[in-house]
Every structure is written in C-alpha cells, then in structure tokens.
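These notes are about the structure you will find just below.
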Amino acid sequence: MNAESSAFRSALEVVRTIEPRIADAIAKELTDQRESLKLIASENYASPAVLLAMGNWLSDKYAEGTIGRRFYAGCQNVDTVESVATEHARELFGAQYAYVQPHSGIDANLVAYWAILADRVEVPYLKKFEKRQVNDLNDAEWAELRAAFGNQRMLGMSLDAGGHLTHGFRPNISGKMFDQRSYGVDPATGQIDYDALRATAKEFKPLVIVGGYSAYPRKVNFRTMREIADEVGATFMVDMAHFAGLVAGKVFTGDFDPIPHAHIVTTTTHKSLRGPRGGAVLCGPELSDQVDRGCPMVLGGPLAHVMAAKAIAFAEARQPSFATYAQQIVANSQALAEGLARRGVQLVSGGTDNHLVLIDVHPFGLTGRQAEQALLDSGIVTNRNAIPQDPNGAWYTSGIRVGTPALTSRGLGTTEMDQIAELIHTVLAQTTPAEGSKAKYTLDPALSDRVSKQATELLADYPLYPSVDLG
Ligand SMILES: *Cc1c(COP(=O)(O)O)cnc(C)c1O
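Under my numbering, think of the first position of the sequence shown as 62, with each following residue one higher.
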C-alpha cells in the first residue's frame, strides 16, 4: 500500500477506537467530495501532504507571540515551523514581510485593519466605555465610538459587485469600526469603474481603500487603485483571499499583481492557493511591527499544525507545476464562460479573466436560490450570489457563482468545461419557477437524474485524491 493510503487508513483506525461516527463522517466526506461536481469558487482540494501536516501534536503547543519572542516556553519547533512558512510565503509572493498566524481570512483582515489604524490613528481614552462589553453596544454607541476615533473611513467594493462582508459592511465588525462607502462596477460593462472610484475616494477621503473581492470575475488594476489611494492619502489594502493562487502562479502580474502596489495584502490559504484553511498577511517593513501585534490584538495562540500545513502549501505553490495549475484554472474558467455564453447564458461582465464566472439567472425567470437548488438536485454544486444592482437582494439573489480551482485540481480541462456548460444550461433552461415564490420551482426528476449521471461520468476519469485508498 502507498504511504498516503496507509497514513489515512491508520489515522481513521485510531480515531474509530474512540468515536466511530467521526471516523465515518471523515471517510464519508471523501466519498461525497469524490462524487461531487464542485464548482464552488472558494473551495479546493489540498494535497495529502498539506492535510497530513495538520494532524499531529503541533496542535498541542501554545506559542502566543512572534518567532523568537513567545509568551510560552519551549516553542523552538513552532519557531521553526513559523519561520519556514513565512520564508516560503515571502519567496512565493515576493513580499518583504509575511505573517502566517491568522486562523482565517477574516482574522487576517482584522489584523490588517488594526495594523492600519494603529499606524495612523491616535487612540482616545473613553471613560464611558470602560467596563462595557462590545456586544452590548447599540448602534448609537458604536457611532459614538467611531466618532471618538475620528470616524475613520473605509472604501471597499460593494457586496453586489462582488465585495466581501469584511470590507466594511455593518453585519461585520469592519462595518462597526469604520464608516464605509462602496465602489462598484459600471452597469454597462460589469467592470470596475475606476473614474467613479477615484471620484468617490476624493469626496469621501477614506483612511483605507480595500481592493479584492469574492465574486468579481475580472482582473483588477492595482496600480491604478494605488494611484488613487496616493491621491487621497489612503492606505491601500488588497484582500486576495480568492485569487491568491493566481498571484502565486504568476497569472496576475504587473498592474494586476497586488503585492508591489498595496501597502498591505491579506489572503486566505485554502481557496485558489490550495492550502489548509487559514489566513496570512503580507506587507513591507512600515507595517510589519503592527502586524506582529495581531496576537494579542485579535488572535490568541497560533495554530502551529496549520502553520506547518501552510509551509507545505507555500512550498508546493513555488514549484513550476503550480504555475501550470494556475494558468489552467483560468483557461478552464474561460472555457466554461465561453461554453455558457455560446448557449445564450448571460454572464456578468460578459466573461472572465480569473477563476470564477458569475451567471445572471434572471433571463431564465429564476432567482439564484432556485437555480442553486435545481443545479444541486442535478449533481452540480455551486452557490447563489448577488449580481450588480441585484433586484432579488442578498438572500435570494439573481446570480450563480461558479469557479474552477477545485475541478482543475482534479485534472478536468477545457473540453470538460464545455460539457459542464451544457449541463448547467440544460438545468437552468428546464427549471420552472413556482408562481409567486422566490424559492420553489419544478424540475423534471428524470432530467435531474440524467444530468447527475452525466456529471458523475465526467468525474470518473478524474479521481479525487487518486493516491488515497481507504479500503
Ligand atoms: C473568503 C473570503 C474571506 C474570509 O475568509 P474566511 O477564511 O472564511 O474567514 C475574506 N475576504 C474575502 C475577499 C474572501 O473571499
């Protein structure tokens, strides 16, 4: 038996002795993932080396602090792990400084926001809030707090244009820390309107301009955004959570590579970058001291086992094969977009330059919610997403977001993407919305069965985790 199979088999055998339901769920997840045509743009499949690096006693260690300056004794091995991870991250992205402790993308953004605030804002002392819990503050009190901090402002991409909750929206802490204004896309092109962005920035004078997105299908000109930030004295942050793999794989270079243009860059490590679930921050020496205060500002003990897996993932991404992978992600995404467009499916911005395609399902008379579920019934896993000026709001939406990082990891190519476009079009065209409902619909079960079988057949030639046989 090969090393991967015996490693995972043994691990499950050990887990099973304590709680078989957990061992079963872990094993079942592999079966489910293998059978699923996964087009979720934010998901991927990490390598066995990445996965195995996480399952060990590095998890037992507390190591609050930074490399060589820990609040706990005996951190020499965590120091090694974190040093190697940051070295690979710096080399991979050409960044001067890397901080790999954030447990997720949201944590990375919080670390960055507090670093920027600490760098630029005088902190007032407010007796009134001394013994208060943040969760108890009402909107007026939050407003008072923000005012005391000088009503610091953030300019981020609007949610319906593809921005992220953490870019200053009220339900997220970023929207409570900052006064937010959004930039969006030109309705005619579906692409960022940089002139409008500049005009908003000049009027609003934000402390921070955030670039980056979760659901925008195009390249972003980070050079232009930096120029705008410089014109208004803003710190320019890029959240490359979604497209870090395309930066690492040198698909996004020059004006489209955020690293040389942004003051600070945040990312997740588990999306197109194909590492473990986690986050990271990259910056220059100006902000690195503040970033290092991520713990204790917003983080506790780092996850040493996950930092080990990040080191493996960054090392993998430095190999030439990762650049090939990143190029294929985009080739696949473009083949999918072309296949859909050729069949008359409407796409936001008309196509894609990156790993994702945003389908406007409105012309089918469907909401995103109906389309998402109808596709799922047919074995195609996507997620609903708002589109620019979405008439159905953020819950029902009018869009479906599809992405290619995961299927590209399995080895599917442009031919298969065209077949998938056919399946998606078939399902959308055959789904009938129920009268007066944004959620209900009818779809002939024979048709969803047939599409499901075709989806399974497509995957059969591209086994997931081919080296892993659980027996
Ligand atoms: C996914 C995402 C995040 C959050 O990542 P988590 O690891 O889920 O916290 C942050 N920003 C953007 C742009 C994202 O797409």
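Note that the Cβ used here is the ideal one computed from N, Cα and C, for glycine as well.
Buried versus exposed, by CB contacts within 10 Å (16 or more), residue i
i, result
"N170", "buried"
"Y422", "It should be noted that the sequence gives Val, not Tyr, for residue 422. V422 should be labelled buried."
"A110", "exposed"
"D121", "exposed"
"Q515", "buried"
"T147", "buried"
"I448", "buried"
"I83", "exposed"
"G405", "exposed"
"R130", "exposed"
"M62", "exposed"
Residue span of the alpha helix (DSSP H) that contains residue i, given as start and end
i, result
"I485", "T475 to Q491"
"A159", "Element bounds for A159: not the alpha helix (DSSP H) but the beta strand (DSSP E), Y158 to Y160."
"V293", "F283 to V293"
"Q395", "P381 to R403"
"Q137", "Q137 to F154"
Span separating the alpha-carbon of residue i from that of residue j
i, j, result
"D438", "S509", "6 Å"
"R77", "S71", "10 Å"
"R471", "S333", "13 Å"
"A467", "N105", "4 Å"
"I270", "G294", "10 Å"
"L91", "G497", "39 Å"
"M286", "Q491", "42 Å"
"T493", "E433", "13 Å"
"T443", "T465", "11 Å"
"C356", "F132", "11 Å"
"T261", "A86", "49 Å"
"N212", "E183", "12 Å"
"E518", "S219", "39 Å"
"Q157", "D530", "41 Å"
"Y123", "V359", "16 Å"
"A482", "L98", "12 Å"
"F154", "D93", "34 Å"
"D96", "R511", "Before going further, note that residue 96 is Glu rather than Asp in the sequence given. Going by the C-alpha atoms only, they are around 15 Å apart."
Segment limits, beta strand (DSSP E) that includes residue i
i, result
"D240", "D240 to Y244"
"I461", "G460 to G464"
"G272", "V269 to G273"
"F297", "T296 to D300"
"L417", "L417 to D421"
Proximity test, residue i beta-carbon vs ligand 3 heavy atom, cut-off 6 Å
i, result
"I167", "For the structure depicted, ligand 3 is absent and the ligand set comprises only ligand 1."
Interface flag, residue i vs chain C, CB-CB below 7 Å
i, result
"N105", "Reference to chain C is not applicable here, since this structure consists of a single protein chain."
### Segment contact, 8 Å Cβ cut-off, at least three pairs: the stretch 456-463 with the stretch 370-388
no
### Message
Just to confirm the assignment: which complete alpha helix (DSSP H) runs, minimum length 4, are found wholly within the stretch 306-356?
### Response
The stretch 306-356 contains these whole alpha helix (DSSP H) runs: 346-353.
### Task
Pick out the complete beta strand (DSSP E) segments inside the stretch 432-463, 3 residues or longer, and give them in chain order.
444-446, all fully within the stretch 432-463.
### Query
Pairing CB atoms from the stretch 225-235 with CB atoms from the stretch 294-303, are three or more of them under 8 Å?
yes
### Message
Which complete beta strand (DSSP E) runs does the stretch 182-247 hold, if anything under 3 residues is left out?
### Response
214-218 and 240-244
### Query
Do the stretch 197-206 and the stretch 250-267 meet, that is, are 3 or more Cβ pairs less than 8 Å apart?
no
### Query
At a cut of 8 Å, does the stretch 185-193 reach the stretch 346-360 through at least three beta carbon pairs?
no
### Query
For the 8 Å Cβ check, are there 3 or more pairs between the stretch 384-404 and the stretch 363-372?
no
### Query
Is the stretch 397-417 in contact with the stretch 471-487, if contact means three or more CB pairs nearer than 8 Å?
yes
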